[in-house]
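Working notes, beginning with the structure itself.
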Amino acid sequence: MHIDFSGLFHQSSKDRSGEGGVNIPLDSSLWPVEWKTLFYKQYPRFKTITLGDARPRGDLSNLIRSRRSHRDFAGRPLNKARLGTLLKYACGTTSEEENGYHRAQPSGGGRYPLEVYPIIFVGGDGIPSGLYHYNIKEHGLDALWTRAFVKEDIAELFTYPWAQNASCALVITAVFERNQMKYGERGYRQILIEAGAIVQNIYLVATALGIKCCAIDGVREPEIERLLDIDGFSESAICSLVLG
Ligand SMILES: Cc1cc2nc3c(=O)[nH]c(=O)nc-3n(C[C@H](O)[C@H](O)[C@H](O)COP(=O)(O)O)c2cc1C
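Residue 992 in this note's numbering is what sits at position 85 of the sequence shown, and the numbering runs on without skipping anything.
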């Protein structure tokens, strides 16, 4: 028997209060403090590499028209400046007011459930190959594990052979509780929508910088989650891109 889990999920996460907003009081002074708290992961015991944030150039309509999924990577390293611009304008903090409340992407309820982990296959210019976490507060890379990647290592993470010629991957993970504590199961919808916004930002900024990129669903998620040291339940990899 086929069960349509997507339909079931959407039915069970519909707001039936008739009020919209899943019974969230309009008066935010009535909200519990954790609904107003911004949560983000930090790795204080690891070294953080500070990134630059030079503005990408390009006409928006041209960038939208010329954006493509590329799979013919040359494996050249992304330098620190370009990676900094990419992360800042895809998912970084764009306003210092209210503790970094505004970011490059919209976020359902301003809960910011997503974390981004760059995996650098080909190191260069102050960023050795290895595993990093994008530190939203410092606009830097928390260096979790410096290590070399050969093609076989990349093949253990991503199924498509062309990914082995990429110079880096960006893995987007979700910490579900940040949205679900406020919106219940409906929070999951917001999380995927926000990830899509980041993916499009990455494509557009990459296009402006002349970096090839492709979203990739061919991901061995248990291996990725083992590498990132996340349990796949409270925090799970939900979407990845490879770039070069
Ligand atoms: C969520 C998502 C996952 C994707 N996964 C893959 C993938 O696993 N392999 C692949 O070759 N392309 C993948 N793509 C890229 C699509 O194939 C591509 O966007 C589509 O063919 C349209 O081409 P364009 O992006 O060049 O306009 C993915 C795109 C999205 C949005």
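Positions of the beta carbon are idealized from the N, C-alpha and C atoms, including for glycine.
Here G1125 carries a coil assignment [DSSP, helix/strand/coil]. By the C-beta criterion, the stretch 986-997 is judged to be in contact with the stretch 956-963, since at least 3 inter-stretch pairs fall below 8 Å. Linking R964 to P1020 through their CA atoms gives a straight-line distance of about 28 Å. Rounded to the nearest angstrom, the Cβ distance from N1108 to Y1024 is 16 Å, too far for a contact under 8 Å. Per DSSP, reduced to three states, the secondary structure at R1054 is coil, with no helix or strand assignment. The beta carbons of G1015 and S1074 sit about 32 Å from each other, so the pair does not count as a contact at 8 Å. Between S920 and E1092 a beta carbon distance of about 4 Å is seen, short of the 8 Å cut, so the two are scored as contacting. Spatial neighbours of S1036 in its own chain (CB-CB distance under 8 Å, excluding positions within 5 residues in sequence) are listed in chain order as I1027, F1028, V1029, G1030, T1053, R1054, A1055 and F1056. Annotation for Y947: I1043 place their beta carbon closer than 6 Å to its own, counting only its chain and skipping 5 residues before and after. In the three-state reduction of the DSSP assignment, Y1008 falls in the coil class. Shown here for I1098: same chain residues with a beta carbon closer than 6 Å to its own, the five before and five after excluded, namely P1020, A1081 and N1086 in chain order.
Around the beta-carbon of D1049, 16 or more other beta-carbon atoms lie within 10 Å, marking it buried.
The Cβ atoms of A1102 and E1128 lie no closer than 9 Å to each other. Shortest Cα-Cα distance from V1106 to any of I1079, R1096, K1119 and Y1090 involves I1079. At least one heavy atom of ligand 1 lies closer than 8 Å to the C-beta of S976.
Contact check for G999 against D960 passes: the beta carbons are separated by less than 9 Å. Scanning V1112, C1120 and S1147 for the CA closest to the CA of S968 turns up V1112. Taking the C-beta atoms as reference points, L1064 is found no nearer than 9 Å to I1118.
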